[in-house]
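Everything on this sheet refers to the single structure shown next.
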């Protein structure tokens, strides 16, 4: 048997403490909710509509993020242009600013009296205080994950494969759809699921932009402040289980060889 | 005809400087130079994948500078083949046949896979192919849309030596069969010599010399070309196996190399058309004939002597030109002068045949 070194001993102790710190609250929470209260919560129409609203808004945000973010990721991976580094930094900004701040910033653009809000009201869409506001907030805070995943995914596709396609008579757009997209799709899918998961768990900006109708995280907060821990807990457990499921899906994609996607 | 006029490109520390080249239709043209000389960039410029800072690119009677790669009809094969990993072999080859009827596509694939002997691979996954197989598939893919020009970037360098010789012969055969104008980039002078109609030697982004292979190898016009490819004793001829040509090792045997009046004992691995090269320093000079049968001994007349640092370079006329080198001391002790006759001896194994 190998002799334990001092480093292994110390680092294992420190590492184990951290793992325990991550695991304890999650496990404790999941097991503190009785099956009966979980079933009760699931039967609650408010809870069900909040969860449905959350999943749906996150999905819409993800689709919009894919349509707008994948082309940006491709440009960042393939082209060099003035201001590229600035844009790369900008994409990460929503990850580093406090999310209530992001919510306030969004109010200043999409509020009824501001240009974003006025623009969408032409199409009969109210952003702030309504469902579209949830989508906008989710998109703002979670799109960076998809843009970065798309950029990294396209970076791993050899640009010379696209060169070969060009010499075989394919224009740039057709080359994108026949080479870059099919070869980068796993990274894109992984980034999209990551974005979806991040959108489901968003609270700080949504609570400012659209309190009602409530998404799951807002509902949990609302129950906690109004009725206390006992009423917030079952909803929290249901949300955490959904998030863990999505996360497991993501790991499943990532575990295939050669397709690691980092979070940032 | 392909013409490059004054092509220049600067990319960081790398630069192509005022490249001028003319390539006749049907020619096999080789761009020969060390790694990092700018060969791949030059091919990418011709294909339209890289935009030069200045200069003109002409394909036929059309200036193509403004044409994107998809409209230049140029086949391109990279060194590492770059087959599309998400497509089968058949779909790789069919990739450039977009817009043709299934019948046309099928017959084109059948023709090419017959030509390149890859019929059995068509339904395979490209990840399961060997290097040599990948290369054939990549070649078929490039040839499929009948390009006006074929660009090959170090096509043989990723193969092992055995495969390389076989594929080299096939490239040659295919070129003659299709009469396809081909530009082949390489750092290997044997490859260039065996395949090319004409060679351009490039170094540090500049064309150093252009000419027929023998001219470039025998008469380098610059010290760089001389040191990179220069072979003074180079002969084109044929290898004939001796009747009881003894087997040496696994697949080499004693043979005769014939080139006009020149007959050399050589150690060969195959018969047929070949080149032979002898390094001047492998040749010993004597005034008496040698009696060893393992030695080539050629009687020649000294026609020129040139001092090269500590050595003398001696040019002999023995029906073919032969160059040898001697130290000053040996030269003095042999008491040779222009017009002297001498025996030039070298081992059969000193003759490099390829």
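Protein chains in written order, with my numbering: chain S, 18 to 281; chain P, 245 to 598. Ideal placement from N, C-alpha and C gives every residue a C-beta, glycine not left out. Fair warning: this is a prediction, and the values are worked out from it, not measured in the lab.
- Taking 8 Å as the threshold, the shortest C-beta distance from residue 169 of chain S to chain P does not fall below it.
- Residue 255 of chain P: member of the beta strand (DSSP E) spanning 246 to 255, first to last residue.
- Partner residues in the beta bridge of residue 428 of chain P, as assigned by DSSP, are P:274, P:396.
- A direct Cα-Cα distance of roughly 24 Å separates residue 420 of chain P from residue 324 of chain P.
- Straight-line spacing of the CA atoms in residue 293 of chain P and residue 463 of chain P works out to 35 Å.
- Considering only beta carbons, no part of the region 70 to 104 of chain S lies closer than 8 Å to chain P.
- Of P:393, P:447, P:291, P:380, the smallest CA-CA separation from residue 275 of chain P is found for P:447.
- Residue 314 of chain P reaches chain S at 182, 183, 184, 185, 186, 187, 188, 189, 191, 192, counting residues in chain order whose Cβ is nearer than 9 Å.
- Under the three-state reduction of DSSP output, residue 379 of chain P falls in the helix class.
- Going by beta carbons, residue 431 of chain P and residue 278 of chain P fall inside the 8 Å limit.
- In the DSSP assignment, residue 541 of chain P forms a beta bridge with P:589.
- Residue pairing by DSSP places residue 501 of chain P opposite P:483, P:508 in a beta bridge.
- Closer than 8 Å to the CB of residue 270 of chain S there is not a single CB belonging to chain P.
- DSSP, read as helix, strand or coil, puts residue 362 of chain P in coil.
- Residue P:253 holds the alpha-carbon nearest to the alpha-carbon of residue 263 of chain P among P:461, P:543, P:270, P:253.
- Closer than 8 Å to the CB of residue 319 of chain P there is at least one CB belonging to chain S.
- Sequence-distant partners of residue 456 of chain P (beyond 5 residues in either direction) whose C-beta falls short of 8 Å from its own C-beta, in its chain, are 441, 442, 443.
- Residue pairing for residue 76 of chain S: DSSP places it in no beta bridge.
- Straight through space, the alpha carbons of residue 379 of chain P and residue 400 of chain P are spaced by roughly 9 Å.
- For residue 516 of chain P, the closest C-alpha among the options P:468, P:598, P:543 is that of P:598.
- Listed along chain P, the residues sitting closer than 8 Å to residue 177 of chain S by beta-carbon distance are 322, 326.
- If you look at residue 265 of chain P, you'll find it in the beta strand (DSSP E) that goes 258 to 267.
- In the three-state scheme derived from DSSP, where H, G and I count as helix and E and B as strand, residue 596 of chain P is classed as strand.
- Across the structure, residue 102 of chain S and residue 23 of chain S are spaced so that their CA atoms are roughly 43 Å apart.
- Apart from sequence neighbours up to five positions away, the residues of its chain that approach residue 317 of chain P with a beta-carbon distance below 6 Å are 391, 392, ordered along the chain.
- The Cβ of residue 419 of chain P sits no closer than 8 Å to any Cβ of chain S.
- According to the DSSP assignment, residue 298 of chain P belongs to the beta strand (DSSP E) that extends over 298 to 303.
- The beta-carbon of residue 196 of chain S is placed less than 8 Å from the nearest beta-carbon of chain P.
- Contact annotation: residue 496 of chain P and residue 512 of chain P have beta-carbon atoms nearer than 8 Å.
- Proximity of the region 162 to 172 of chain S to the region 195 to 212 of chain S meets the contact definition, three or more beta-carbon pairs being nearer than 8 Å.
- Around residue 368 of chain P, the same chain offers 333 as residues with beta carbons nearer than 6 Å, after the five sequence neighbours per side are excluded.
- Around the Cβ of residue 342 of chain P, a 10 Å sphere holds fewer than 16 other Cβ atoms; the residue is exposed.
- Put simply, the CB of residue 200 of chain S is near chain P, with a gap under 8 Å to one of its CB atoms.
- When the Cα atoms are used, residue 106 of chain S and residue 119 of chain S turn out to be separated by approximately 16 Å.
- For residue 566 of chain P, the pairing in a beta bridge is given by DSSP as P:560.
- Taking the Cβ atoms as the reference, residue 439 of chain P lies roughly 12 Å from residue 408 of chain P, outside the contact range of under 8 Å.
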